[in-house]
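Take a look at the structure set out below.
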Amino acid sequence: MTTPNPTPARRPRREPSEAQLAALLLLPAAALLLGVLLFPMLTTFRDSLYLNKLTEPWLTGFVGLKQYAQMLEDPRFGQALRNTLFFGVMTVGGSFLVGIPMALAAHLPGRTRGLARVALLLPWAMPPVITGLIFAWLFNAQYGVFNDLLVRAGLIDEPLRWLSTPGLSVLAMVVTIVWKTSSFVALIVLGGLQGIPKEMIEAAQVDGATPTQTFFRVILPLLAPSLAVAFIFRTISAVQVFDIPYTFIQQAPAQGLLETLGVYIYRTGIEFLDFGYAATLSVALFALSLAVTAVYVRFVRDGANS
Amino acid sequence: MEEQTHENLSPAQRLGRAAALAALIVGGFFPFIWMLLTSLKTEGELQKFPVQYLPSKLDFSNYARVFSEQPFAQFFFNSLTVSLLSTVLCIAAAVPAAYALARLNLRGRGLLMTAVVAFSMFPVVSLLIPLFRLMRGANLLNTYPALILPYAALSLPIGILTLVAFFSAIPRDLESAAMVDGTTRVGALTRVVLPLSAPGVVTAALLVFVNSWNEFLLALSFNTKLSMRTVSVGVTLYQGEFAFPWPLIAAAVVVATVPLVLLIAIFQKRFVSGLTAGGVKA
């Protein structure tokens, strides 16, 4: 069907060529992406080169890379970047440590399988802002169930002020994000597990491998492609994390350690009304997402070649 | 899906498996259950320490307050309308595009796929202000399209990627056979490929629906009129005079989460196999 003008005798109406058909089929998607997202994206790049602060409306105009220079010297940007990277490493790592056993548990046969699937999907489907609210409540200093369980277990003597103690608030946010995102890792790993032929596992068992050996020598290597996919999507979403830190900061004011790049961009634009600088920070965050992806693509390509 | 038998397991292994399953189920449900218990408590019961785990009686007054203190039914209707229409729009654009990318001999296919992925990497918070201006310019603030258009566009990349994976998995021979029988290319798409990829379309649709239902930032900023609020913003609107009214917030959270719980309970099998077959994005 690659000839430009196929005219079957039985069909008087002219069929479109493959290229024409493709253009036609791609048109709605292109219109939606270009019409709604491309202009705002380009505007962000443009805005990053202009001063545009509503609180100082007399200061406007093209300043080139000045706001990028300002960003590099901005201690709050440095702090937000460090926080973002720290939360990224902790929560991506945490979601794999929790998500892989979750997938293995959900993969187990049995009558509880349906229930296990719902338990797996629930954190994934939960709105992030609601997850933030729920965990702020679980970590509540006075009435929080986590404090109560820890006291009852004899691990702490006094209730901890999770959200207003800097180190603890960071831990609380890591726990919350890991709870929310482990299911995502588990879902992708589950897909990988379902693709592993049963014979390979049986063969390992026949050869006398223990379950641990089977897991590390047979299952884990076969899961590598799934893990790579999960890793890249998790990393991008971790770098851009906004909703959960946003709700946590509402509950724990003035927590510099909880401010991620996403939250800093939001505050710069919406609270300080500095649209130009918010755009500059946005470009930096986009660049960070791209860098993460580029490293991953390289990693996967090298992995495929070796 | 391979079913393993239970017979060759030692008691210790069975115990380990039961523990793993129990941990998964408790861990997944616990925060939700805790909100449910909290929502049934009175302020007095809440302030006891050590924590009183079960409410002394079933008190549903917090649920009544959810609907009387804020127009929560309206929030619900708004979320449902916005999420459904975003899903329809997104899938209507994603299906033909994914078919073209998976099936037609396209020059620059790799480039197009890269462009699709690149669109999914731009942080939403970065688009907030320019999108706001765009919507204000088009006079769309405080209308459904102000959310439907960006939600459909933002979910489009993941919708396309998921569907490309599904379409690619359908044997080409089936279409060729249909076309040899005299069907047009479009006929082969609608009569052969689409019915076979129904599970993929359902998965992609659920993905878009959940994304749209959960979105917070754009909904918070674009539709500021109370009657145009969505559920995810609505649950944050319950403020006490001095402290957070937790039982009330908990009731709102439960009401907001129940549709999601039902949705995944109904579709859990298809959800898991669909999500694991296609691409997924958190």
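Chains as they are written, first to last, in my numbering: chain A, 4 to 309; chain B, 112 to 393. Glycine included, each C-beta is placed from N, C-alpha and C at the ideal position. Computed from a predicted model, the values in this text were never measured in an experiment.
Just measuring C-alpha positions, the residue of B:S266, B:G139, B:Q158 sitting nearest B:V206 is B:S266. Contact check for B:M232 against A:S292 passes: the beta carbons are separated by less than 9 Å.
Per the DSSP secondary-structure output, A:T63 pairs in a beta bridge with A:N55. With fewer than 16 other Cβ atoms from the protein chains shown falling within 10 Å of its own Cβ, A:W61 counts as exposed. Taking a contact to require three or more Cβ pairs closer than 8 Å, the stretch 295 to 313 of chain B and the stretch 96 to 110 of chain A do not qualify as touching. For A:F42, same chain residues with a beta-carbon under 6 Å away, outside a window of 5 residues either side, do not exist.
If you draw a straight line from the Cα of A:L124 to the Cα of B:A315, it is about 15 Å long.
At least 9 Å separates the beta-carbon of A:V188 from that of A:F90. If only complete runs of 4 or more residues are kept, the stretch 226 to 292 of chain A shows the alpha helix (DSSP H) at 246 to 254, 264 to 269, in order along the chain. CA-to-CA, the gap between A:S229 and A:A72 works out to about 40 Å. Between B:P166 and chain A, the shortest Cβ-Cβ separation is not below 9 Å.
The beta-carbon of A:Y146 is placed less than 9 Å from the nearest beta-carbon of chain B.
Counted as a single uninterrupted DSSP element, the alpha helix (DSSP H) harbouring A:I103 occupies residues 78 to 110.
Within a 10 Å sphere around the beta-carbon of B:N250 sit fewer than 16 other beta-carbons, which makes this residue exposed.
Look at B:T294 here: in three-state DSSP terms it is coil, with no helix or strand label.
If you ignore the 5 residues before and after B:S332, its C-beta comes within less than 7 Å of the C-beta of L239, F243, all in its own chain and listed in chain order. When DSSP states are grouped into helix, strand and coil, B:E180 belongs to the helix group. If you look at B:M339, you'll find it isn't in any alpha helix (DSSP H); DSSP assigns it neither H nor E. Less than 9 Å separates the beta-carbon of A:T115 from that of B:I136.
Nearest neighbour of A:G279 by Cα position, chosen from A:V92, A:L24, A:K69, turns out to be A:K69. Following the DSSP letters along the chain, one finds B:Y262 inside the alpha helix (DSSP H) bounded by residues 256 to 279. In this chain, the alpha helix (DSSP H) harbouring B:S150 covers 122 to 150. Residue state for B:L165 is assigned as coil, using DSSP reduced to three classes. Residue contact check for A:D160 against chain B: no CB pair falls below 9 Å.
Per DSSP, A:L166 is not a residue of any alpha helix (DSSP H), being assigned neither H nor E. Restricted to the stretch 115 to 190 of chain A, not a single beta strand (DSSP E) segment is unbroken, complete and at least 3 residues in length. Every unbroken stretch of the alpha helix (DSSP H) spanning 4 or more residues and falling wholly within the stretch 305 to 376 of chain B is given here in chain order: 309 to 325, 328 to 333, 342 to 345. B:N322 and A:T283 have their C-alpha atoms roughly 27 Å apart. Assigned with DSSP and collapsed to three states, B:L217 falls in coil, not helix or strand. The beta carbon of B:K336 sits no closer than 9 Å to any beta carbon of chain A.
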